[in-house]
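Participant: Structure below; questions to follow.
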Amino acid sequence: EPEVTQTPSHQVTQMGQEVILRCVPISNHLYFYWYRQILGQKVEFLVSFYNNEISEKSEIFDDQFSVERPDGSNFTLKIRSTKLEDSAMYFCASSEDKGGMDTQYFGPGTRLTVL
Amino acid sequence: AQSVTQLGSHVSVSEGALVLLRCNYSSSVPPYLFWYVQYPNQGLQLLLKYTSAATLVKGINGFEAEFKKSETSFHLTKPSAHMSDAAEYFCAVSDYDAGTASKLTFGTGTRLQVTL
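Residue numbers (my numbering), protein chains in the order written: chain A, 5 to 119; chain B, 223 to 338.
In structure tokens form, the structure reads like this:
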């Protein structure tokens with residue numbers, strides 16, 4: 005069964021450093037998402053992406069964040085200058101269509117620890 | 223804005239007992255509702271979803287949920303708990319906008335513990 009994969013599973017970085025989190029969505033999916041979950045809190049939407057541009061972003065997704073689909077398979081989330089409060093589990097998801105009833109399939113997540 | 227509320231951050235049941243995890247939604251339009259499960263050190267896996275086709279929705283692993291508009295609820299149930307059901311369960315609502323890709327708004331999650 006096709007699945008969303010994410011690398012690395014755990015990333016430790018120093019405050020102020022840039023990090024890139026990588027995702028490989030399901031191959032025939034066209035819509036991509038990033039969510040994050042701070043320890044003990046709810047899963048929060050960051051950004052959605054379609055046709056090589058951002059479809060929607062939350063207020064969390066400020067200028068420090070960017071997303072890119074550099075090739076036909078990868079989908080990346082970059083944090084330019086990490087802060088302590090960026091420590092969280094980051095989930096990538098993809099869906100075949102954009103409709104509200106369409107299932108979003110999630111990857112296993114990348115745990116980001118900012119020291 | 224749409225939202226979901228999950229009552230009870232922790233629920234403990236005995237193996238073989240009924241599982242009931244509560245979710246109430248708030249939405250100005252007919253909602254699309256989802257239940258996801260997260261096993262330790264894994265991603266979110268879809269259990270079931272409500273898309274207005276039927277109010278009683280059956281999912282994987284014996285779970286089901288009933289959409290009740292009058293109560294704005296979408297509670298998750300399973301008749302008989304199994305040890306393998308121990309996990310975190312998230313209710314979510316989809317924010318459908320024809321112009322953008324839909325985002326999910328999640329509840330705070332309910333951790334299910336199953337005891338012998």
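Just so you know, even glycine gets a beta-carbon here, dropped at the ideal spot from N, CA and C.
Since the model is a prediction, treat every value here as computed from it, not as a measurement.
Looking at C-alpha atoms only, which residue of Val-118(A), Leu-116(A), Pro-112(A) is the closest neighbour of Val-8(A)?
Facilitator: Of the candidates Val-118(A), Leu-116(A), Pro-112(A), the one whose C-alpha sits nearest the C-alpha of Val-8(A) is Pro-112(A).
Participant: Where do the N-terminal and C-terminal ends of the beta strand (DSSP E) with Ile-58(A) fall, by residue?
Facilitator: Unbroken beta strand (DSSP E) run through Ile-58(A): 57–61.
Participant: Measuring CA to CA, which of Ala-97(A), Lys-61(A), Ile-64(A) is closest to Arg-26(A)?
Facilitator: Ala-97(A)
Participant: Helix or strand or just coil, what does DSSP make of Ile-282(B)?
Facilitator: Looking at Ile-282(B) - three-state DSSP - the assignment turns out to be helix.
Participant: Taking a Cβ distance cut-off of 7 Å, strictly less, list which residues of the stretch 82–98 of chain A are near chain B, in chain order.
Facilitator: Phe-95
Participant: When the distance is taken between beta carbons, is Val-336(B) closer than 8 Å to Thr-304(B)?
Facilitator: Note on identity: in this sequence residue 304(B) is His, with Thr being the wrong assignment. A Cβ-Cβ contact shorter than 8 Å links His-304(B) with Val-336(B).
Participant: Please list the residues of the stretch 261–273 of chain B that have a C-beta atom closer than 7 Å to any C-beta atom in chain A, keeping them in chain order.
Facilitator: Gln-264, Gly-265, Leu-266, Leu-268, Lys-271, Thr-273
Participant: Just to confirm my understanding: we take Lys-325(B), look at its own chain, exclude 5 residues before and 5 after, and list those with CB closer than 8 Å. What are they?
Facilitator: Ser-316, Asp-317
Participant: Find the residues of chain B that neighbour Pro-112(A), judging by a C-beta separation of less than 8 Å, and give them in chain order.
Facilitator: Per Cβ cutoff of 8 Å: Asn-263, Gln-264, Gly-265.
Participant: Cα separation between Thr-17(A) and Val-51(A)?
Facilitator: 22 Å
Participant: Apply the 10 Å Cβ neighbour rule to Gln-228(B) and answer buried if 16 or more other Cβ atoms are within range, or exposed otherwise.
Facilitator: buried
Participant: Counting C-beta neighbours from all protein chains within 10 Å, is the total for Asp-67(A) 16 or more, i.e. buried, or is it exposed?
Facilitator: exposed
Participant: Check whether chain A comes within 8 Å of Ser-324(B), counting only Cβ atoms and requiring the distance to be less than that.
Facilitator: yes
Participant: Tell me which residues of the stretch 44–68 of chain A have at least one Cβ-Cβ distance to chain B shorter than 7 Å, keeping chain order.
Facilitator: Lys-46, Val-47, Phe-49, Ser-52, Tyr-54, Ser-59, Glu-60
Participant: Hey, quick one: how far does the beta strand (DSSP E) through Lys-300(B) stretch, first residue to last?
Facilitator: Following the DSSP letters along the chain, one finds Lys-300(B) inside the beta strand (DSSP E) bounded by residues 295–300.
Participant: Would you mind telling me which residues of chain B sit closer than 7 Å to Thr-107(A), beta carbon to beta carbon, in chain order?
Facilitator: Leu-268, Lys-271
Participant: Kindly give me the distance between the Cβ atoms of Tyr-258(B) and Gln-267(B), rounded to whole angstroms, as I take these residues to be in contact under 8 Å.
Facilitator: 6 Å
Participant: Looking only at C-alpha atoms, which of Ser-13(A), Lys-61(A), Thr-86(A), Leu-88(A) sits nearest to Tyr-39(A)?
Facilitator: Lys-61(A)
Participant: Just list the residues that DSSP pairs Ser-70(A) with in beta bridges.
Facilitator: Lys-82(A)
Participant: Taking a contact to mean a Cβ-Cβ separation below 8 Å, would you say Tyr-37(A) touches Asp-101(A) in this structure?
Facilitator: Taking 8 Å as the Cβ cut-off, Tyr-37(A) and Asp-101(A) do not qualify as a contacting pair.
Participant: List the residues of chain A whose Cβ lies closer than 8 Å to the Cβ of Thr-330(B), in chain order.
Facilitator: Gln-45, Lys-46
Participant: Taking the alpha carbon of Thr-11(A) as the point to measure from, which residue in Thr-107(A), Asp-106(A), Met-93(A) has its own alpha carbon closest?
Facilitator: Met-93(A)
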